[in-house]
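Below is one structure, written out as structure tokens; the observations come after it.
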Amino acid sequence: MNPSTIFDRQPLLVSFDVFDTLLLRRVEQPGDLFEAVGERALAAGLIEPGLTPVLFRLAREEAERRARTRVASREVELAAIHAELRPILSESADPAMLAALELEVEAERLFANPLLLTVLQDLSAAGIPVVLLSDMYLSPDDLARLLAAAGIGPELYGRLHVSGAEGCSKRDGGLFQLLLAAHPGISPGRVIHIGDDPLSDVAMARAAGLEAIHYVPGPGLARLREREQSVMGLAADAPPPPRRLAALAGREDDAEDAFALEFGALVLGPAVAEYCRWVVEECRHQGIRRIAPLMREAAVFAPLMRDWIAHRGYDMEVVALHLSRQALMPLELAGLDAAAARRILGERPHLPWDRLLVQAGGEVPATLQDLAGLRLEELLAKPATESGAAADRVLALFDDPDLRARAARLAEEARERLLDHLVQVLGREGPVALVDLGARGSTPAAVARLLPEGRRRCRVFLTYAVADIVHALADGIGVRVFAGQDRTGMTLGRVLYRSPQILERVLTGLDGTTLGHRRDSGGRVVPLLAEPPAKGEERRILALLQQGIRRYADLMTAVYPARGETMAVTGVQALLPLAAALLRPTAQEADILGGLAYDQNDGTDGERVLCDATAQAVVQPLAEMGEGPILALALGLRPALAPWPQGALTRLVPGIFHQPADLLGLEGGHGPVCRALVERLRGRTDGRFGVLAVGGDGGMGPDFIRYAREAGLEPAAYADLMGHLVLPPLFHGVAVRDMGEMASLGLPLVLVTLGYAERLAALMHEQAAAGGLSPPRLIALGRPDLERA
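The sequence shown runs 1 to 789 under UniProt numbering.
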């Protein structure tokens with residue numbers, strides 16, 4: 001949060017919520033903490049054997065409910081909750097021991113929100129008092145210790161009001177009254193409260209007269225999570241812990257930059273930064289001190305790895321290795337003949353035959369000039385002439401003895417330069433990690449084969465891999481794959497392998513590839529670099545995407561401890577956001593990311609836009625199908641023609657991959673229901689309509705308003721069954737009306753709820769009858785009876 005957001009309002013006092021605002025947890029949901037407690041309690045023999053962590057979580061949540069029912073107030077303390085767990089304790093344990101364990105686990109998983117820690121420090125320096133308010137069962141002393149352990153000492157705040165000790169809460173408004181009573185000289189309007197709960201921290205703070213800042217991530221995080229859960233089903237793993245913090249960091253991004261920064265931080269950030277962290281930790285465990293990421297990816301990988309090494313205090317070094325498929329290509333000229341040329345051209349389908357000939361030291365004869373620039377596939381498609389088949393005539397040139405001798409010389413010279421370069425960077429002894437993106441590991445494996453003792457010294461690290469990685473393994477080269485721990489990870493890896501261009505372009509588009517190597521005036525081998533390929537607007541987008549990745553990586557050091565055991569994030573957790581985006585892109589993703597270019601990095605200098613006219617023409621028949629296994633058919637298209645077919649299809653038919661998922665509705669959140677309501681609204685209104693919802697910011701209303709606006713629809717009025725949660729004049733930019741007025745407005749009314757649809761419909765009919773009006777037109781999801789009534 002930018003401190004000016006607070007200082008510009010000139011407050012005399014600022015209050016903060018504690019949990020999920022100042023203190024964040026390294027778990028997705030607060031209840032996940034109880035599973036960790038259950039696991040530790042079982043290992044320590046504190047609870048009955050066989051009580052799984054999930055069952056313990058349920059028992060712990062039920063204990064809290066029972067404890068609250070035993071007292072007149074909803075507010076209880078931790079001891080009372082754990083007293084309810086006595087029936088599941090082992091004979092040697094007592095509730096106090098379990099409560100102490102929960103505090104210990106809580107402390108391990110808490111960290112100070114770095115985005116607000118600086119705000120606290122600025123407020124302290126400005127002399128503006130700070131008060132902390134928490135609806136929590138912990139005692140004030142325990143909570144103060146947790147705050148101090150996370151780096152928020154008492155010098156950064158004044159009073160600490162905790163509901164369990166005070167007997168009232170933010171939710172019932174009591175803590176805000178305590179706050180104001182303790183500062184009688186400050187009017188409520190000069191107090192700002194900051195928190196995440198829409199009822200406790202926003203509605204009730206405003207009801208007490210305070211200004212309130214609803215401190216939650218923007219809607220993008222929830223949308224991404226919905227998509228990921230729909231791709232993985234009900235059993236989707238929790239996302240990496242820094243992700244929510246990265247979303248909070250983007251709350252105030254400029255609208256022009258917001259998409260790229262958010263996609264970089266929340267989709268690419270986990271894949272790239274968690275991979276780099278994993279590589280460092282794996283090398284640490286294997287005793288590898290030198291890590292060599294390959295350029296061009298090293299331009300992004302190397303700084304992230306160095307920062308993590310510094311954060312953990314490891315004695316390791318990261319050195320960028322300037323290498324590429326193009327730089328290695330001269331080595332294949334050794335033993336060049338017609339058969340070898342055919343193999344090389346087959347493995348590099350974008351490489352024209354004459355480019356290979358020139359690289360081998362040859363020239364195109366006048367009799368074959370008409371075939372110059374053709375690829376092997378195009379040569380084979382040429383009809384034979386009296387002179388013979390086009391491919392045979394071309395490949396015969398590579399059997400020329402003089403050409404083969406020149407090619408062998410060039411290969412040997414390149415090999416000597418490359419070996420010297422490898423020794424300069426990697427040294428002559430000691431293990432080394434060769435880090436690449438994926439998927440076959442052919443380039444780092446080639447280094448391991450070329451380097452003396454390379455198979456013994458080198459370990460290859462990849463983000464994802466495909467079955468071809470077995471060739472390196474069969475050659476005795478050690479390979480570690482971030483997403484290779486299980487079948488799910490390998491499946492996600494195949495998704496990335498089918499359309500790797502977005503990730504590759506983001507990592508490499510701002511740096512030139514390594515064309516080869518030369519010796520400088522001092523005899524040292526230096527790389528020959530091409531110009532960076534991205535220009536203009538694409539370069540701006542790529543820079544923002546990289547900035548987003550950097551944002552995620554910078555926040556990792558706040559989330560993960562500098563000492564002791566660090567949290568493991570699996571390849572599946574880290575790569576799922578990107579795989580889901582590739583499989584089910586939004587219209588905006590298809591538009592912006594589909595406009596990125598990509599190159600083959602095989603010496604052809606050719607670039608294509610991902611979702612260009614050719615790609616869209618190739619997928620057009622699938623877009624017109626309307627039914628059938630469209631995604632499976634799209635993935636089966638030739639990558640050379642449709643590198644990202646899902647993006648091209650989405651450009652033609654926005655939402656083509658979201659509609660089937662919405663029918664299943666497996667994902668969490670309000671997304672499927674809101675999108676379905678918006679679709680139902682289309683064609684049923686002249687553009688003006690009202691919204692009837694329940695729950696204010698905690699209900700479905702805000703998401704529906706957002707989805708309606710994305711569809712070009714703007715609500716004219718909003719009313720809430722829980723009117724005290726919605727204060728006029730505007731709710732998310734929509735005019736707030738009293739529920740009693742809605743039937744008289746003459747607008748179609750959308751019932752943005754499932755459980756309260758009947759009640760809202762009945763209210764509208766009662767109001768219309770009382771006023772002698774015709775019943776308003778209602779639009780409801782899955783309730784044609786209410787629409788007809």
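All residues carry an ideal CB built from backbone N, CA and C; glycine is no exception.
Just so we're clear, the structure is a prediction, and the values are computed from it rather than from any experiment.
Asked, Found
"To which residues of the same chain is residue 63 closer than 6 angstroms at the C-beta, ignoring the five residues directly before and after it?", "81, 84 and 85"
"According to the neighbour-count rule (16 or more other Cβ atoms, all chains shown, within 10 Å of its Cβ), is residue 170 buried or exposed?", "buried"
"Among 215, 15 and 262, which one has its Cα closest to the Cα of residue 858?", "It is not possible to answer for residue 858, since the shown part of the chain is limited to 1 through 789."
"If you draw a straight line from the alpha carbon of residue 243 to that of residue 110, how long is it in whole angstroms?", "15 angstroms"
"Do you know offhand how far residue 294's Cα is from residue 323's?", "6 angstroms"
"If you follow the beta strand (DSSP E) that residue 16 is in, where does it begin and where does it stop?", "13–17"
"Alpha carbon to alpha carbon, how far is residue 675 from residue 628?", "22 angstroms"
"How long is the line joining the alpha carbons of residue 152 and residue 117, rounded to whole angstroms?", "7 angstroms"
"Per DSSP, what kind of secondary structure is residue 560 in: helix, strand or coil?", "coil"
"Contact defined as beta carbons within less than 8 angstroms: I believe residue 768 pairs with residue 776. What is the distance between those atoms, to the nearest angstrom?", "6 angstroms"
"Out of 731, 748 and 644, state which residue places its alpha-carbon closest to the alpha-carbon of residue 683.", "748"
"Just curious, the alpha helix (DSSP H) that residue 195 is in, first and last residue?", "Counting along the chain, residue 195 falls outside any alpha helix (DSSP H), though it belongs to the beta strand (DSSP E) covering 191–195."
"Under 6 angstroms Cβ to Cβ from residue 782, same chain only, skipping five residues before and after it: list those, please.", "none"
"What's the C-alpha gap between residue 561 and residue 306?", "16 angstroms"
"On the DSSP bridge assignment, give the partners of residue 385 in chain order.", "388"
"Which whole-angstrom value is the C-beta distance of residue 279 and residue 435, which I expect to be below 8 angstroms?", "6 angstroms"
"If you compare alpha carbons, which of 317, 336, 559 and 712 is closest to residue 150?", "559"
"Assign residue 285 to one of three DSSP states: helix, strand, or coil.", "helix"
"Do you know whose CA, among 125, 48 and 139, lies nearest residue 76's CA?", "139"
"Alpha carbon to alpha carbon, how far is residue 591 from residue 737? Give it in angstroms, no decimals.", "38 angstroms"
"For residue 161, which of helix, strand or coil comes out of DSSP?", "strand"
"Buried or exposed: where does residue 71 fall if 16 or more other Cβ atoms within 10 Å of its Cβ makes it buried?", "exposed"
"Just tell me which of 11, 55 and 8 has its CA closest to the CA of residue 31.", "55"
"Considering only their Cβ atoms, is the gap separating residue 460 from residue 448 smaller than 8 angstroms?", "yes"
"On the criterion of 16 or more Cβ atoms from any shown chain inside 10 Å, does residue 200 qualify as buried, or is it exposed?", "buried"
"When the Cα of residue 49 is compared with those of 66, 88, 413 and 487, which residue comes out closest?", "88"
"Would you call the CB atoms of residue 438 and residue 465 closer than 8 angstroms?", "yes"
"Taking 7 angstroms as the limit between beta carbons, can you name the residues of its chain near residue 364, skipping five residues before and five after?", "354, 357 and 372"
"Which residue marks the beginning of the alpha helix (DSSP H) containing residue 256, and which one marks its end?", "255–263"
"Below 7 angstroms, is the gap between the Cβ of residue 617 and the nearest heavy atom of the ligand NAD?", "The model depicted lacks the ligand NAD and carries no ligand whatsoever."
"Would you call the CB atoms of residue 528 and residue 516 closer than 8 angstroms?", "yes"
"Excluding sequence positions up to five away, which residues of its chain have a Cβ less than 7 angstroms from the Cβ of residue 205?", "176, 193 and 212"
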